[in-house]
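Student: Below you will find the structure I want to go over with you.
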Amino acid sequence: MHGLYTVVIEDFAERHFIKKFRKKYKQNWDLTEDAIRAMYERVDNLLEKKRANVICETDGVQIIKSEFAVVGSGVSAKTSGNRCIAVCLVEEKVVRILLVYNKNDLPGRNETTEWKRLIAGHYPEYRHLVS
């Protein structure tokens, strides 16, 4: 059995995109955030069940992308357009949530290019993983 990971939501994620989710979905956002935390506490299971993808990995550091649905929205994770980008520090058993967004909230035409740009600009310690 896999151990639990500590999950940390980064301030940048909170200040930018989560703030918008919180305002739009009110108490359902709190339930959704709890579900995201629970999901990433068991990141090994999440990856085994193919509910998230490792985008890149080097030296025990993984950038992971998953989809999520807002509790009570009636929309599936797949069709919601909601994404979570996290970094998993395997040895430390820590998951840091870097971005939580809806793909329509990103500027530009290429979602991947935009979230990689945000990570490179706001998380210099992970820039090498997304460039």
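FYI, numbering that gives the first Met the number 0 numbers position 61 of the sequence shown as 60, with every residue one higher than the one before it. Beta carbons are placed, not taken as given, at the ideal position from N, Cα and C, and that holds for glycine.
1. Which one of ILE96, ASP33, MET38, HIS15 has the shortest CA to CA distance from GLN61?
2. DSSP three-state call for VAL69: helix, strand or coil?
3. Could you tell me whether the Cβ atoms of SER72 and TYR24 are closer together than 9 Å?
4. Could you tell me the distance, in whole angstroms, from the CA atom of ARG50 to the CA atom of PHE67?
5. Run the CB neighbour count on SER130, radius 10 Å, all protein chains shown included, and call it buried at 16 or more, exposed below.
6. Grab me the residues of ASN52's own chain with a C-beta within less than 6 Å of its C-beta, minus the 5 sequence neighbours each way, in chain order.
7. Which same chain residues end up closer than 6 Å to PHE20 when comparing Cβ atoms and leaving out the 5 residues on each side of it in sequence?
8. Please list the terminal residues of the continuous beta strand (DSSP E) segment that includes TYR100.
9. Please say whether GLU32 and LEU3 have beta carbons closer to each other than 9 Å?
10. Taking just the CA atoms, how far does VAL94 sit from ALA85?
11. For ARG14, count the other beta carbons within 10 Å of its own beta carbon; 16 or more makes it buried, fewer makes it exposed. Which is it?
12. Give, in chain order, every unbroken run of the beta strand (DSSP E) that is at least 3 residues long and sits entirely within the region 30 to 64.
Tutor: Working from what's here:
1. ILE96
2. coil
3. yes
4. 9 Å
5. exposed
6. LYS64
7. TRP28
8. 93 to 101
9. no
10. 7 Å
11. exposed
12. 51 to 57
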